[in-house]
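Residue numbers (this note's numbering): -7 to 707.
Where a beta carbon is used, it is the ideal one built from N, C-alpha and C, also for glycine.
Shown next as structure tokens:
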């Protein structure tokens, strides 16, 4: 065969392979979207890139034509101007609060322009910023400029007007400027007033005041608590009053739950709240994908000082909700329990409008087909998104899991996991399915891979229970045998008293072994034990190094082999060098700092005493840390209090030994010991900062020298 013909055959085979891939695996070669879709594990914080859950569909709001004021027979284009709110009713009709034009615009379910509601007689709308449509088709508009909420019919006729009601429960300085409104099935109104920190104003169908509802909590920091302790009453009253963050928006789902989104620089959680009529909070309490975290509004890489500014929330028929961030333009989606599903955003160009990219989101809603609509008040249009096959698969599987239909959800989760092996909700869904069918070992493995400690612990508890039930007969036989042997031994000892004699004891005659044994004496009698190190030569550098090595080994084993139930690091890559440096840098920093401070404060201890005593103070790492690491692998979260008590007790024990070491070796009073410890901590911080600066300068110096060498070699 000629070379040219062979090359042509290879080319044809390659084209055929590409065509087959296109036909069989269309998702693998699908068009790129102008944004990236992500998932972030609440347990580990790891960021995962996923397939897109929603694809950009179309742009609405450009083709709006109204009668020409000068010639009603003609139609003129009248685009949206600074639209502030968006609502989709039960028939999928789309309503827009067109604030800049002081009107309400209606679109057909397919996105085509329908009509503009006629101007109200008497007092036309002025800067309307919110709207809601109830089951009867009645339209509620937050008429901000006129400080009222109006109820209209489908033809735009005024049915009712809601103004600030009279009530002694409303503060005298309350400003009623409605910007958002939602209405429940009873006809009760929930109104967001501009800048109000009182929460939602709830009115009955007749406009009577019911209560303030869903108000945010006043943020209270550690600095505030210190001020309360230190400041006098007069000084504290002069501080600026702290007010809770205001609510941005409100929505009500089909089940009657009220959702609010809020913004505030001091707001670190509860940006989204889901409440029933009694005000009970429903997000985070039943979380399956993390630790019940109440923070919402995602980000890929948070910058210093970055806050979340959620503008609106949309809830689908299954209770899944989507929020949009007005600053980052990030769209985040969660299930009914507040577990993250997806989030995405893209970079917007200031001069052009791109399909799928939102410049300034002001509202979000979703229709019965799970199509997403986002209102852009900068581009004056609506971006629409359809659910992709991957997104629909995830939503269907998750909805089945939330409903407890694990068997039906399992094949769907397997398909999702096949498409993206790093997508945590798929692993959690499979783990829940395995748990439901009794395969606890598989469930435990999947929960561990997903980083879910609670699920891992629950599966292990079932495994431990089954193991104990299987071995119960063996345990009882062993106990009965031990009792029989003990009774037999006591009976034989009465007849043969020689059996009561103590066994041969091995005495520690070596001085080195005596020094090692002294570390246990220090645990029981710390003051005398540390004094013996100084005055009776009960310790040495060699014994201290051995104890230090054993303590480090215990620390390293604890970091790497403590059960995942209590140790998230068990599933994370952990460098041995990092563990080594963390342990020894802190310990050496303590020894050096404490010796320097003690020398200045006229302490009596030598450097050897500080070195040896600080090593002996780490003995609890050996006698408690290693056994605790071992037994942690046989414990579940139901025994968490026991584990925490032992672990915290070990750390407190080490701290107290260090305190007694300073007091005993340096011959200090209690007050002098406290001052010494404070100065030592400050010295350690200063040394750490200097090392950091020195390391940074050395890096810059190396770069400078390298650039000079490059310049010289180039010339």
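Buried or exposed (CB count within 10 angstroms, at least 16 for buried), residue i
i           : result
residue 687 : exposed
residue 643 : exposed
residue 653 : buried
residue 468 : exposed
residue 344 : exposed
residue 726 : For the chain, the structure presents residues -7 to 707; residue 726 sits outside this window and is missing.
residue 658 : buried
residue 458 : exposed
residue 263 : buried
residue 269 : exposed
residue 647 : exposed
residue 424 : buried
residue 248 : exposed
residue 75  : buried
residue 564 : exposed
residue 67  : exposed
residue 59  : exposed
Sequence-distant residues of its chain with Cβ nearer than 7 angstroms to residue i (five each side left out)
i           : result
residue 656 : 519, 522 and 523
residue 47  : 25, 377, 378 and 380
residue 407 : 385
residue 50  : 103 and 376
residue 388 : 404
residue 42  : 29, 30, 31, 334, 412 and 415
residue 436 : 448, 451, 452 and 455
residue 154 : 140, 141, 181, 195 and 199
residue 665 : 651, 654 and 655
residue 772 : There is simply no residue 772 to check, as the chain begins at -7 and stops at 707 in what is shown.
residue 236 : 189, 207, 208, 209 and 210
DSSP bridge partner residues for residue i (one or two, in chain order)
i           : result
residue 170 : 185
residue 134 : 122 and 141
residue 306 : 314
residue 737 : As shown, the chain starts at -7 and ends at 707. That puts residue 737 outside it, with no answer to give.
residue 337 : 28
residue 323 : 316 and 336
residue 42  : 29
residue 250 : 244 and 267
residue 108 : 97
Distance cut-off 8 angstroms: residue i Cβ against heavy atoms of the ligand SAH
i           : result
residue 635 : By its list of ligands, the structure shown contains no ligand whatsoever, and the ligand SAH lies outside what it can speak to.
Top-ranked residue by Cα proximity to residue i, from the options
i           : options               : result
residue 164 : 354, 190 and 476      : 190
residue 364 : 405, 614, 411 and 313 : 313
residue 96  : 82, 619, 116 and 632  : 116
residue 209 : 150, 265 and 170      : 265
residue 292 : 695, 669 and 37       : 37
residue 171 : 120, 633, 223 and 287 : 120
residue 434 : 422, 444, 445 and 443 : 422
residue 528 : 507, 144 and 539      : 507
residue 534 : 561, 517 and 503      : 503
residue 289 : 337, 400 and 629      : 337
residue 110 : 94, 618 and 100       : 94
residue 641 : 617, 628 and 392      : 617
residue 113 : 697, 144, 486 and 359 : 144
residue 129 : 235, 86 and 515       : 86
residue 370 : 397, 65, 341 and 161  : 341
Neighbourhood of residue i by C-beta, 6 angstroms cutoff - its chain only, sequence neighbours within 5 removed
i           : result
residue 586 : 602 and 672
residue 544 : 575
residue 137 : 118 and 119
residue 244 : 174, 176 and 250
residue 402 : 425
residue 592 : none
Endpoints, beta strand (DSSP E) assigned at residue i
i           : result
residue 50  : 46 to 52
residue 267 : 264 to 267
residue 601 : Segment 599 to 608 is the alpha helix (DSSP H) holding residue 601; no beta strand (DSSP E) there.
residue 520 : First-last for residue 520: 518 to 527, but that is the alpha helix (DSSP H), not the beta strand (DSSP E).
residue 615 : Run containing residue 615: none; DSSP gives neither H nor E here.
Span of the alpha helix (DSSP H), counted from its first residue to its last, around residue i
i           : result
residue 470 : 445 to 487
residue 624 : 618 to 624
residue 589 : 568 to 592
residue 406 : 398 to 411
residue 441 : 432 to 442
residue 350 : Residue 350 -> no alpha helix (DSSP H), and no H or E assigned at all.
residue 388 : 381 to 394
Residues near residue i in its chain [Cβ-Cβ closer than 8 angstroms; skip 5 each side]
i           : result
residue 127 : 82 and 177
residue 356 : 78, 303, 304, 305, 306, 314, 315, 316, 323, 364, 365, 366 and 367
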